[in-house]
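Heads up: the structure comes next, in structure tokens.
Residue numbers (the working numbering): 504 to 649.
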């Protein structure tokens, strides 16, 4: 993962740049193409972009929603750590799944990371993700207490 600290010269986000912006990049091929970072910290808030089970351009856990979810949550945990946070700072997750009938496998993996933390969580079925082999994508929000 690569971490940067930056302000923005883009007038549309200039107001945000007055606060310190620290970003994490995981090397996803879509980050530079689409123009986003894996996670960003502004003040005490962290937003983690939709994260999938991709590593070095390959899908991890092909056909296995449990393994994909575990990989995604580990990636999120690593991004949070780069920004000075942990999973215990997470206040919300959003899970986008391609087959809601697999909710128990996905939920089991989510519970392994968040059972004692219990953030607000949403799981919804979507038609497709960016790669047809991807079964789950997760976003997270965290607030670091001073």
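Backbone N, C-alpha and C define an ideal beta-carbon position, used for all residues, glycine too.
Own chain residues within Cβ distance below 8 Å of residue i, not counting five before or after
{"i": "residue 589", "result": "580 and 583"}
Length of the line joining the Cα atoms of residue i and residue j
{"i": "residue 630", "j": "residue 600", "result": "8 Å"}
{"i": "residue 511", "j": "residue 604", "result": "Interpretation of residue 511 is limited by its pLDDT of 46, a score under 50 that renders its predicted location unreliable; no figure is taken from the coordinates."}
{"i": "residue 547", "j": "residue 567", "result": "35 Å"}
{"i": "residue 633", "j": "residue 522", "result": "32 Å"}
{"i": "residue 535", "j": "residue 560", "result": "14 Å"}
{"i": "residue 530", "j": "residue 571", "result": "18 Å"}
{"i": "residue 543", "j": "residue 528", "result": "9 Å"}
{"i": "residue 649", "j": "residue 606", "result": "35 Å"}
Cβ-Cβ distance between residue i and residue j below 8 Å
{"i": "residue 642", "j": "residue 553", "result": "yes"}
{"i": "residue 575", "j": "residue 639", "result": "yes"}
{"i": "residue 656", "j": "residue 565", "result": "Look at the range of the chain in this structure, 504 to 649, and you will see that residue 656 is not part of it."}
Where the beta strand (DSSP E) through residue i begins and ends
{"i": "residue 643", "result": "639-646"}
{"i": "residue 486", "result": "What is shown of the chain runs 504 to 649, which leaves residue 486 out entirely."}
The alpha helix (DSSP H) enclosing residue i, as first and last residue numbers
{"i": "residue 609", "result": "606-617"}
{"i": "residue 542", "result": "Not the alpha helix (DSSP H): residue 542 falls in the beta strand (DSSP E), residues 542-545."}
{"i": "residue 621", "result": "Counting along the chain, residue 621 falls outside any alpha helix (DSSP H), and DSSP gives it neither H nor E."}
{"i": "residue 582", "result": "568-585"}
Cut-off 6 Å between Cβ atoms - residues of its own chain near residue i, not counting five sequence neighbours on either side
{"i": "residue 594", "result": "622, 644 and 646"}
{"i": "residue 539", "result": "552"}
{"i": "residue 573", "result": "612"}
Presumed contact (8 Å Cβ cut-off) between residue i and residue j, rounded CB distance
{"i": "residue 624", "j": "residue 596", "result": "5 Å"}
{"i": "residue 524", "j": "residue 545", "result": "6 Å"}
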